[in-house]
Amino acid sequence: MSALIDGIRQNNFLIIGRAGMDFCPDPPGTKTENATHFVAGLGGSAANTAAGICKLGGKAALVTSVSDDSIGRYCLNQLDHYGVDRTHVRSVGGEARNSLAVYESVLEGHQTVIYRNGAADFVMTSEDIRAVDYSQYGALITAGTVFAAEPSRSAAFDAIELARAAGLPIIFDIDYRPYSWPSPQVAEEVLSRAGALSDMIVGNDEEFGFMAGDITKGLDKARSLATSSAEVIIYKMGEKGAITLAGGTETPSGIYKVDALKPTGAGDSFMAGLMASLAAGHDLNDAVMRGSACAAITVGKPGCAPAMPDPAQLSEFLKTHPGPTAA
């Protein structure tokens with residue numbers, strides 16, 4: 309595991325994925341159909357993870373495409389705001405559009421509506437990937453959505469190949485979104501292929517179950533990947549906590565309970581907290597709990613990237629919270 313952790317501890321991540329715009333009805337608690345005001349924020353799981361890492365003191369560069377219009381420029385401005393390196397973010401013309409997520413800051417009856425037709429990030433090409441100097445980074449993070457369509461699918465696999473050749477560990481966030489894929493069968497095959505090339509895989513029980521072709525066999529799939537390819541697997545189970553599979557052991561962990569405002573942003577914040585904590589020298593199990601704390605902080609506030617903690621906020625949360633649930 310030393311090569312994986314050594315790469316992460318450089319605290320300089322190359323992230324392949326999408327950037328988009330989030331719209332949230334304001335004030336919190338308002339249903340979309342009743343809203344008269346909306347608040348905009350950075351969206352897209354890869355961009356959110358990059359922003360979260362930067363807020364926690366790390367470095368992150370994003371590789372993607374954005375639309376050459378006001379929405380794409382909004383995303384670029386937001387990446388600048390959070391300190392995400394966008395050297396390898398290309399603006400594309402034509403009919404490509406950035407994704408838009410409209411989600412509510414409510415739990416009961418929560419709705420998220422996502423617009424992804426002609427998504428600009430799917431226009432990312434192998435040329436974009438080959439323009440990157442992988443030796444400048446410590447680890448590659450990729451989210452599953454980037455594999456959902458061509459040419460970004462082939463480009464993402466090229467990125468994995470080039471990163472591995474440069475000695476970078478591959479960290480894979482399954483991030484399965486059915487609406488992005490042509491069919492479940494294609495998604496199962498492609499995501500399983502990506503998982504087999506990864507050193508660390510993070511996903512929830514439903515995502516691993518999907519990769520297994522049976523929702524009840526998710527943990528079996530995670531165990532199979534842990535013995536055949538990945539050095540570390542984080543198997544998340546929502547309110548039931550998580551199981552960390554590494555070095556032939558399985559370590560269960562609980563969660564930090566909070567009065568959640570909404571369910572969105574937890575996974576991206578978990579990934580950012582996990583990476584930042586490992587980079588800071590925390591052991592794997594402690595880093596998982598710190599990632600869980602970041603997720604808890606994020607679901608308790610409006611927005612995704614805006615709600616993610618900085619080091620002082622994370623430290624204060626851990627100091628004042630009564631502690632996680634039992635594993």
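Residue numbers (this note's numbering): 309 to 635. Each residue gets a CB set at the ideal place from its N, CA and C atoms; glycine is no exception. Quick caveat, the model's predicted, so the values are computed rather than measured.
(1) Who are the Cβ neighbours of Gly315 in its own chain at under 7 Å, not counting the five residues just before and after it?
(2) Just the Cα atoms here: how many angstroms apart are Ser500 and Met519?
(3) Phe480 bridges to which residues according to DSSP?
(4) Using DSSP bridges, identify the partner residues of Met597.
(5) Quick check: Ser561 and Thr606, are their CB atoms within less than 7 Å of each other?
(6) To which residues of the same chain is Arg424 closer than 7 Å at the C-beta, ignoring the five residues directly before and after it?
(7) Contact defined as beta carbons within less than 8 Å: I believe Pro333 pairs with Glu412. What is the distance between those atoms, to the nearest angstrom?
(8) On a CA-only basis, which of Val414, Ala463 and Gly417 is nearest Val431? Give me that one, please.
(9) Distance check for Ala604 and Leu626, CA to CA, integer angstroms please.
(10) Considering only their Cβ atoms, is the gap separating Ile379 from Met329 smaller than 7 Å?
(11) Going by DSSP, what residue range makes up the alpha helix (DSSP H) through Phe625?
(12) Based on the DSSP secondary-structure assignment, which residues constitute the bridge partners of Pro560?
(13) Which same chain residues, not among the five before or five after Pro459, have their C-beta less than 8 Å away from its C-beta?
(14) Residues in the same chain with beta-carbon distance under 6 Å from Glu515, minus the five sequence neighbours each way, listed in chain order, please.
(15) What are the boundary residues of the alpha helix (DSSP H) that includes Asn356?
(16) According to DSSP, is Cys612 helix, strand or coil?
(17) Got a sec? Which residues, its chain only, sit under 6 Å from Leu582 by beta carbon, not counting five neighbours each side?
(18) Taking DSSP as the reference, what is the three-state secondary structure of Val494?
(19) Rounded to whole angstroms, how far is the Cβ of Ala428 from the Cβ of Ala404, which I believe are closer than 8 Å?
(20) Since Ala343 contacts Val392 with CB under 8 Å, what's their CB separation in whole angstroms?
(21) Do Ala538 and Ser506 have their CB atoms nearer than 7 Å?
(22) So, for Thr340: in the same chain, excluding its five sequence neighbours on each side, which residues have a beta-carbon less than 7 Å away from its beta-carbon?
(23) If I measure Cβ to Cβ from Leu470 and keep anything under 6 Å in the same chain, skipping five residues before and after, which residues do I get?
(24) What does the alpha-carbon distance come out to for the pair Ser310 and Ala474?
(25) Thinking Ile551 and Thr557 are a contact (beta carbons under 8 Å), I'd like their distance in whole angstroms, please.
(26) Whole angstroms are fine: how far does the CA of Pro336 sit from the CA of Asp591?
(27) Look at the Cβ atom of Gly349, then the Cβ atom of Ala613, and state whether they are nearer than 7 Å.
Checking against the coordinates, here is how it stands:
(1) Gly446, Ala447, Leu476 and Pro477
(2) 6 Å
(3) Thr450 and Ile509
(4) The partner list for Met597 (beta bridge, DSSP) is empty, contrary to what the question assumes.
(5) no
(6) Excluding positions up to five away in sequence, the list reads Ser407, Tyr487 and Ser488.
(7) 6 Å
(8) Considering only alpha carbons, the answer is Ala463.
(9) One C-alpha to the other measures close to 11 Å.
(10) yes
(11) According to the DSSP assignment, Phe625 belongs to the alpha helix (DSSP H) that extends over Pro619 to Thr628.
(12) Ile551
(13) Phe430, Val431, Met432, Thr433 and Ser434
(14) Ile482 and Tyr484
(15) Ser353 to Lys363
(16) coil
(17) Ala595 and Gly599
(18) helix
(19) 4 Å
(20) Between Val392 and Ala343 the Cβ distance is about 29 Å, and since that is not below 8 Å, they are no contact.
(21) yes
(22) Pro333, Val410, Glu412 and Gln419
(23) Tyr442
(24) 16 Å
(25) With 8 Å as the limit, Ile551 and Thr557 do not qualify as a contact, their Cβ atoms being about 10 Å apart.
(26) Rounded to the nearest angstrom, the two C-alpha atoms are 36 Å apart.
(27) In this structure, Ala613 lies closer than 7 Å to Gly349 by Cβ.
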